[in-house]
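In our numbering, the protein residues as written are 271 to 985.
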C-alpha cells in the first residue's frame with residue numbers, strides 16, 4: 271500500500287523479477303485499489319449471503335418444525351374430539367363433514383368412512399331425529415353465532431330413544447376468519463328419565479294427596495263410591511289396563527273382587543273373580559297378608575314357587591302387575607291391584623311406596639265402611655228399640671235448647687203429639703207440677719249428674735202423671751256439650767203401688783203402735799209389781815227369780831222400743847242430709863258428760879234414709895255406754911279415690927275386742943240389747959252406704975262410714 275501525492279492510500283500490486291543474466295531486477299506496480307474495493311464488497315456480499323442462507327435454512331427448519339407441530343396438534347385435537355364422551359362432529363366452511371368422533375358412531379350407527387367428506391344434509395338424511403338444518407349449519411349461515419337445541423334420535427334398531435342436548439360453536443383460522451363449525455351433543459337420556467321420574471312422583475303424590483283429602487272429608491254414604499273413583503283415578507294416571515280391589519271374607523278363606531275399573535277396550539273380569547279361595551294362591555296371599563307389595567313387570571319374574579299365581583294371571587291375560595295390601599293398623603282387609611294386558615310395565619320404588627300409602631288409605635276407608643254399616647245396623651236396632659219402647663227418649667240441643675228428637679211413645683205418655691212439643695219447647699216446663707219444678711230446674715242445670723229425677727207432669731187430659739228421668743250428656747269432638755238426651759219412664763203404676771204400700775205400712779204402723787203401746791203398758795205394770803214385791807222382805811230364791819223377771823221385762827221393753835224405730839226404716843224416700851248438723855243435734859240431745867266432740871266435716875252431705883240421725887245417735891250412745899273411759903270423740907271426712915267420701919267416727923275409749931269385732935253389726939251381739947249397731951248398718955245400707963270398725967282394742971273404737979260416689983257431696 272502506497273501513499274500517492276495527494277496523501278491518499280493506494281493498494282498496488284508489485285511484481286519484481288530478476289533480469290536473467292544480470293544482477294538487475296525489474297519491478298512493476300499495478301494500482302489494484304478498485305479491485306481491492308470490489309473484493310471487499312464481494313466478501314461482504316458473500317458474508318451477507320451466507321448469513322441469509324443460514325437464516326433461510328433456520329427459518330425453513332423452524333417452519334418444518336411448526337408444520338410438524340401443527341400436524342401433531344391437529345392430530346391431537348382430532349384424537350381428543352374422537353375420544354370425547356359427547357357425540358361431536360365438525361363441518362368446514364363449505365358445510366362438509368371433516369370430523370366424526372366415535373361417540374357419534376355409537377349414537378347414530380354411522381361410521382367415519384360413511385360420512386366424512388359428505389355434505390351436512392347427509393346427516394339429517396341418515397340419522398332419524400336429526401333436524402335440518404343442523405346446529406352447525408345454522409352457525410355457518412349466521413356468520414358464527416353459537417346456538418343450542420334439544421334433539422331426540424332413535425337407535426338403529428328402532429327400540430331405544432336417546433335424548434341429546436346439542437350445542438354448536440364457530441371455528442376460526444389464524445386470521446380470525448370463519449373456517450367451520452363444531453357441534454357437540456350431550457346425552458341427557460338419564461337426566462330426562464330422572465326428571466320424568468321426579469315429575470311422575472310429584473304428580474302421583476298430588477293424586478295420593480287429593481285422594482287422602484277427599485277421604486277425610488267424605489260423607490259416610492259416599493265411602494263405597496269413593497273406592498271406585500280412587501282406582502279409576504290411579505288406573506288412568508298410571509296408564510294401566512285394569513285396576514281393582516279385592517276384599518277378604520270375615521273368616522279369611524275367600525276373597526271377592528268388589529271394585530273394578532277397566533281402560534277403554536279392556537274386558538271386565540269382576541263377575542268372574544268372586545269367591546276365590548285364598549289358599550289356592552298361597553305364595554301371593556302370603557306376601558299380601560304379611561303386608562308386602564308384589565311388583566311383577568313380567569310374569570317371567572315370578573319366583574318358582576308361584577306356579578299357581580303364574581297360571582292364574584296368565585289365564586286372565588295379565589302381562590305386568592302390582593299388588594299392594596289394603597290394611598289398617600296391621601289388619602290386612604284385602605288388596606289393591608293394577609295390571610296391564612297389552613304391554614309390559616315397570617314400577618319404580620316410588621310407585622310402590624305411594625301405592626302402599628293408598629292401600630293404607632283404602633284400608634282406613636274400608637274400616638270406615640265396615641264401621642258405618644255396623645253403625646247403621648246398630649242404629650236400626652236401637653231406633654226400632656227406641657221407637658217401639660214404652661219409655662220416651664228426647665234429645666235437646668245444648669246450645670239452642672231446641673228439641674231435636676222425641677220418640678213416638680211421647681204421645682202415649684203425655685197425650686200430646688211430638689209436633690206440639692217441638693213447636694213449643696216451653697210446654698214441657700209449663701206442664702211440671704209446681705211442687706216439682708225445683709227438681710226439674712236441678713235436672714236442667716246438671717245434665718251430667720249421674721242420678722234419676724222424679725217429678726209430676728200434666729198430661730193433655732189434665733191429670734198429673736209421675737215420670738222418672740235419666741239425663742245423658744252428649745259431647746262433641748272438642749269436649750264441649752252439644753246435646754242432652756233424656757230417657758223418660760212413666761212410673762204412675764209404681765207410684766200407685768208405692769202409695770198403696772205406704773198406706774198399708776201406715777195402717778201396720780198404727781196397729782204396731784197400738785199393740786206396742788198396750789204391751790209397754792203391760793210391761794210397765796209388770797215392772798211396777800216386781801218393784802213392789804222387791805220392797806217386801808223375800809226369800810233369797812224368790813228375790814233371785816224376781817231379778818231375772820225384771821231383767822227379762824226390761825229386755826222386752828227395749829226390744830219393743832226398737833221396733834218403734836225399725837218400723838220407720840225405709841218408709842220414707844232417701845234424701846240429702848248435711849252431716850255436721852246431725853252430729854251437733856245428737857250431741858245436744860244426749861249431752862255426754864265429760865266427753866268432748868270435735869268435727870272436721872266441712873260441707874259434707876250424704877244421700878241416706880231419713881233415720882240417718884239414729885246412726886249418729888247410736889254411735890254416740892255406744893261410746894257413752896261401752897267406751898267407759900271416753901273423753902274425746904272426733905268426727906272427720908276423708909275423700910275417696912272413686913269419688914265418694916269416708917266419714918270417720920273415732921274415740922279414745924277401750925275399743926272393741928277382737929273377739930266380736932267382725933260380728934259387732936250382727937243382731938244380738940253386744941253386752942246390751944245388741945240392736946243399736948245392727949240398726950245403724952241397716953239404715954246406711956238402704957242407699958248403699960257401708961260401715962266397718964277398724965279401731966285397736968285398748969286405744970279406742972273407730973267406725974268408718976263408706977259413702978259411695980253419687981251419694982256424697984263435699985261442697
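We put the beta carbon where it would ideally sit given N, CA and C, even for glycine.
Using 10 angstroms around the beta-carbon of residue i, count the other beta-carbons present and answer buried if the total reaches 16, otherwise exposed.
i: residue 662; result: buried
i: residue 245; result: What is shown of the chain runs 271 to 985, which leaves residue 245 out entirely.
i: residue 300; result: exposed
i: residue 745; result: exposed
i: residue 512; result: buried
i: residue 874; result: buried
i: residue 283; result: exposed
i: residue 763; result: exposed
i: residue 316; result: exposed
i: residue 443; result: exposed
i: residue 785; result: exposed
i: residue 514; result: buried
Report the partner residues of residue i according to the DSSP bridge assignment.
i: residue 271; result: DSSP lists no partner for residue 271.
i: residue 665; result: 675 and 755
i: residue 738; result: 724 and 759
i: residue 280; result: 272
i: residue 909; result: 915
i: residue 450; result: 362 and 441
i: residue 877; result: 846
i: residue 455; result: 436
i: residue 692; result: The partner list for residue 692 (beta bridge, DSSP) is empty, contrary to what the question assumes.
i: residue 286; result: 297
Give me the Cα-Cα distance between residue i and residue j, rounded to the nearest whole angstrom.
i: residue 821; j: residue 906; result: 38 Å
i: residue 702; j: residue 655; result: 27 Å
i: residue 330; j: residue 311; result: 28 Å
i: residue 629; j: residue 458; result: 35 Å
i: residue 799; j: residue 823; result: 11 Å
i: residue 609; j: residue 579; result: 14 Å
i: residue 533; j: residue 377; result: 37 Å
i: residue 618; j: residue 586; result: 24 Å
i: residue 911; j: residue 932; result: 25 Å
i: residue 561; j: residue 596; result: 8 Å
i: residue 691; j: residue 698; result: 7 Å
i: residue 916; j: residue 954; result: 13 Å
i: residue 294; j: residue 305; result: 30 Å
i: residue 946; j: residue 860; result: 15 Å
i: residue 826; j: residue 754; result: 56 Å
i: residue 795; j: residue 788; result: 11 Å
By Cβ distance below 7 Å, which residues in the same chain neighbour residue i in space, the five residues on each side in sequence not counted?
i: residue 471; result: 620
i: residue 402; result: 391 and 394
i: residue 387; result: 366 and 367
Hey, could you find the ends of the beta strand (DSSP E) residue i is sitting in?
i: residue 433; result: 431 to 442
i: residue 534; result: No beta strand (DSSP E) contains residue 534, which DSSP labels as neither H nor E.
i: residue 866; result: 866 to 870
i: residue 603; result: 601 to 610
i: residue 368; result: 367 to 370
i: residue 713; result: Element bounds for residue 713: not the beta strand (DSSP E) but the alpha helix (DSSP H), 707 to 715.
i: residue 589; result: Taken as a continuous stretch (DSSP letters only), residue 589 belongs to no beta strand (DSSP E), as it is neither H nor E.
i: residue 516; result: 512 to 518
i: residue 952; result: Premise fails: residue 952 lies in the alpha helix (DSSP H), 946 to 955, not in any beta strand (DSSP E).
i: residue 566; result: 564 to 566
Just to confirm my understanding: we take residue i, look at its own chain, exclude 5 residues before and 5 after, and list those with CB closer than 6 Å. What are they?
i: residue 883; result: 852
i: residue 374; result: 357 and 359
i: residue 540; result: 527 and 530
i: residue 706; result: 725 and 726
i: residue 687; result: 681
i: residue 902; result: 866 and 922
Start and end of the alpha helix (DSSP H) containing residue i?
i: residue 976; result: Unbroken run through residue 976 is the beta strand (DSSP E), 972 to 977; no alpha helix (DSSP H).
i: residue 500; result: 493 to 508
i: residue 553; result: 552 to 559
i: residue 623; result: 619 to 658
i: residue 960; result: That residue, residue 960, is in no alpha helix (DSSP H); its beta strand (DSSP E) goes 960 to 963.
i: residue 896; result: 882 to 896
i: residue 393; result: 391 to 396
i: residue 614; result: Looking at the DSSP string, residue 614 is not in any alpha helix (DSSP H), and its letter there is neither H nor E.
Quick check: does the Cβ of residue i come within less than 6 Å of any heavy atom belonging to the ligand NAD?
i: residue 527; result: With respect to small molecules bound, the structure shown includes none, and the ligand NAD cannot be examined in it.
Are the C-beta of residue i and some C-beta of chain C separated by less than 7 Å?
i: residue 860; result: Protein chain content of the structure displayed is limited to a single chain, and chain C is not contained in it.
Which residues in the same chain have their Cβ closer than 8 Å to the Cβ of residue i, if we skip the five residues on either side of it in sequence?
i: residue 536; result: 511, 512 and 611
i: residue 417; result: 405, 408, 409, 437 and 438
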